[in-house]
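Numbering (full-length UniProt numbering), first residue to last: 1 to 610.
Working notes for the structure below.
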């Protein structure tokens, strides 16, 4: 169906081909050639009707297609697709049909959405024209004018923006390359048809014809996908929430998340926004390891344009190709917080799948402008990665460090009616706290083992293991706690706690233990010190950086004897405990307010390191 458009969109003479670049056009340059012919209403409607049908003059007939080898080979796949479409029909979610007989209501909605998207990008791609204001242009005129302007200038960044407007999806590198090459050397009369054809494939695949967009060029765009979707609150999510919730003006930046298909950045709803900025405890209704049937095919996409794109999370898998193209081909200033490279440098502690996903994250990150590391150890990791990119002819990122803070946290006392308070009154033994998500790298089994050794020696204390669930298939910690509790040991595991409960747990502990094998920072160490509770922690890496300021005993996390000895000393030596508490009081540490302000200053900076 699109073949009918190829020769009729324009009578524009063929321009000289120019290679696509990522350079901003000079001011005052004419946005379009002096004479432009536009696609007709029928041609645009035919495009909508043909979103699910092959296009092109040389497309095979139905008989030729059914006789082909590929038709026979793909029969199982087509059967699956048929079942999927039937399910959509039953659910009332089937998008525009594959024929030109789509209902007038659906067609009108699709035209309205396309018109909205084109008008959002037009001010950024076309110079103002007093003779012909954009408001006077029809959808067809606007599409033809935009296509002619982008095709004439040959800028990759502008083609990226136009593809979003036409398709309702962010292009990945392969899509942009394919269209850029297909446009090379063609006349302007063919450019619109080729853009519609390439974008139509993506629109049909992801049912994105009803999406609208908001181009953001006057404020930073902040990526908060995982933090917005789920109540899980481990290290990265804690940093994201603590940072963004302290930024001075919530209207001074735009939060965004990924669409379910990963082909765009979208706005947050009120629940998601609250989950980012006003988090109040783990939310089991949105677990990261469970499927959810949210429908965002009509979402409002957030399109950063010549602004700052800030990534406080780590994207793995879905969405990496989308953000890669954004970082590589646009003039947006791209900044990421750098947490660690453990999935590759300590791959044996994580699943092979996570390592593979993290490699895609690094492949995306290599096109970013800046990485702000959370510790000097992390800085060294990302600085090495940045330098290695020279072998690919890439400049690498500017790597800086803003260490995570240690801020005093006043613990709120329990209410007199609280049952836990009554239980605590009966249980006068000291409490040892181990905080961290339940995963092998956190080494909590070593803490549990050391506790059992001390219990066998007659030590009187309780152990509380507190934190996120981690991998739901890793049950060793929960199993060990259950087994020891069944034998009468004073041990429990707690997962769903809010900030106040966490601070209270640190405050009630005699000391905490965080002896992770490898960390990007070691937030539980900082949190314990923030409450004034001494810590036993790892003797190297980022946790050693924190411990150097005082209030900690350091051990080799792979040496059981050192762990047992350190815990025994802090359980039995009040003078040592008092000395460490005095060291904590004398520390000169930054606060979360300081950290958030430092990151906000970086994000607001106008300099682009490209």
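Here a beta-carbon is modelled for each residue, glycine too, at the ideal position from N, C-alpha and C.
Following the DSSP letters along the chain, one finds residue 140 inside the alpha helix (DSSP H) bounded by residues 139–153.
In this structure, DSSP gives residue 80 a helical state, which the three-state scheme calls helix. Taking C-beta atoms as the reference points, residue 340 and residue 520 count as a pair closer than 7 Å. Residue environment: residue 328 is assigned as buried (16 or more neighbouring CB atoms within 10 Å of its CB, all protein chains considered).
DSSP, read as helix, strand or coil, puts residue 376 in helix. A straight line joining the alpha-carbon of residue 593 with that of residue 235 spans about 17 Å.
Take residue 347, set aside five residues on each side of it, and the residues of its chain with a beta-carbon closer than 8 Å to its own are 355, in chain order.
In this structure, residue 549 lies away from residue 580, with their beta-carbon atoms at least 7 Å apart.
Taking residue 124 as reference, the option from 322, 170, 215 with the minimal CA-CA separation is 215. If you look at residue 242, you'll find it in the alpha helix (DSSP H) that goes 235–244.
At a cut-off of 3 residues, the continuous stretches assigned as beta strand (DSSP E) that sit fully inside the region 292–377 are 300–304, 308–311, 333–338, 370–373. Note on geometry: alpha-carbon atoms of residue 403 and residue 389 lie some 24 Å from one another.
By the Cβ test, the region 374–382 is not in contact with the region 550–565, since fewer than three Cβ pairs between them sit closer than 8 Å. As for any alpha helix (DSSP H) of minimum length 4 sitting wholly inside the UniProt domain "Glycosyl transferase family 1" (430–584), the runs are 444–456, 476–486, 499–508, 523–531, 541–547, 560–572, ordered along the chain. Contact between residue 199 and residue 167 is confirmed by a C-beta separation of about 4 Å, below the 8 Å threshold. For residue 257, the beta-bridge partners assigned by DSSP are 266. In the pairwise beta carbon analysis, the region 130–143 is classified as not touching the region 220–231: fewer than three pairs are separated by under 8 Å.
Taking a cut-off of 8 Å on C-beta distances, the region 509–520 touches the region 530–537, as three or more cross pairs fall below it.
The C-alpha of residue 147 lies about 15 Å from the C-alpha of residue 43.
In the assembly as shown, residue 130 is an exposed residue. Its beta-carbon has fewer than 16 other beta-carbons within 10 Å. Using a Cβ distance threshold of 7 Å, residue 529 and residue 491 do not count as a contacting pair. When the beta-carbon positions are compared, residue 467 and residue 437 come within less than 7 Å of each other. Close CB contacts of residue 358 within its chain, under the 7 Å cut and outside five residues either way in sequence, are with 316, 343, 344 (chain order). Within 10 angstroms of the beta-carbon of residue 220 lie 16 or more other beta-carbons, which makes it buried. Burial state of residue 367 is buried, judged by a 10 Å Cβ sphere holding 16 or more other Cβ atoms. The beta carbon of residue 396 lies closer than 7 Å to those of 386, 387, 389, 390 in the same chain, with the five residues before and after it left out. Here residue 127 is exposed: its Cβ has fewer than 16 other Cβ atoms, across all protein chains shown, within 10 Å. Per DSSP, the beta-bridge partners of residue 213 are 301. Residue pairing by DSSP places residue 398 opposite 370 in a beta bridge. When DSSP states are grouped into helix, strand and coil, residue 223 belongs to the strand group.
Non-local C-beta neighbours of residue 217 in its own chain, meaning closer than 6 Å and more than five positions away in sequence, comprise 305, 306, 307, ordered along the chain. Comparing C-alpha distances from residue 531 to each of 544, 499, 174, 222 shows the shortest one belongs to 499. Counting every other CB atom within 10 Å of its CB across the protein chains shown gives residue 77 a total below 16, marking it as exposed. Here residue 332 is buried, its C-beta having at least 16 other C-beta atoms within 10 Å.
The DSSP-derived three-state label of residue 207 is coil.
In the DSSP assignment, residue 120 falls within the unbroken alpha helix (DSSP H) covering 104–125.
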